[in-house]
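J.:
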Amino acid sequence: MTSAIVMAGTRSGVGKTTITTGIMGALVRRGLKVQPFKCGPDYI
Numbered sequence: 002m003t004s005a006i007v008m009a010g011t012r013s014g015v016g017k018t019t020i021t022t023g024i025m026g027a028l029v030r031r032g033l034k035v036q037p038f039k040c041g042p043d044y045i
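Residue numbers (the numbering used here): 2 to 45.
1. Indicate whether T21 and P42 have their beta-carbon atoms separated by less than 8 angstroms.
2. By Cβ distance below 8 angstroms, which residues in the same chain neighbour V35 in space, the five residues on each side in sequence not counted?
3. Could you round the C-beta distance between K17 and G23 to whole angstroms and report it? I think they count as a contact, below 8 angstroms.
4. What three-state label does DSSP hand L28 in the structure shown?
5. Using a Cβ-Cβ cut-off of 8 angstroms, state whether L28 counts as contacting chain B.
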């Protein structure tokens, strides 16, 4: 089964990347495969 988690914030500099990498690390330690994607106007 494929699942997705979307991390979003109200503006830049609010800690989205920090929280996301922490959650990804926790999921990897539990044995799950993770694949990050970055999207937005600068990443189309």
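Backbone N, C-alpha and C define an ideal beta-carbon position, used for all residues, glycine too. Every value quoted in this text rests on a predicted model; they were computed, and no experiment measured them.
T.: In brief:
1. Their beta carbons are not under 8 angstroms apart, which means T21 does not touch P42 by this criterion.
2. For V35, the CB contacts under 8 angstroms within the same chain, skipping 5 residues up- and downstream, are M25, L28, V29 in chain order.
3. Contact between K17 and G23 does not hold, since the beta-carbon distance rounds to 11 angstroms and is not under 8 angstroms.
4. Note: L28 maps to helix in three-state DSSP.
5. In the displayed structure, chain B is absent; only one protein chain is listed.
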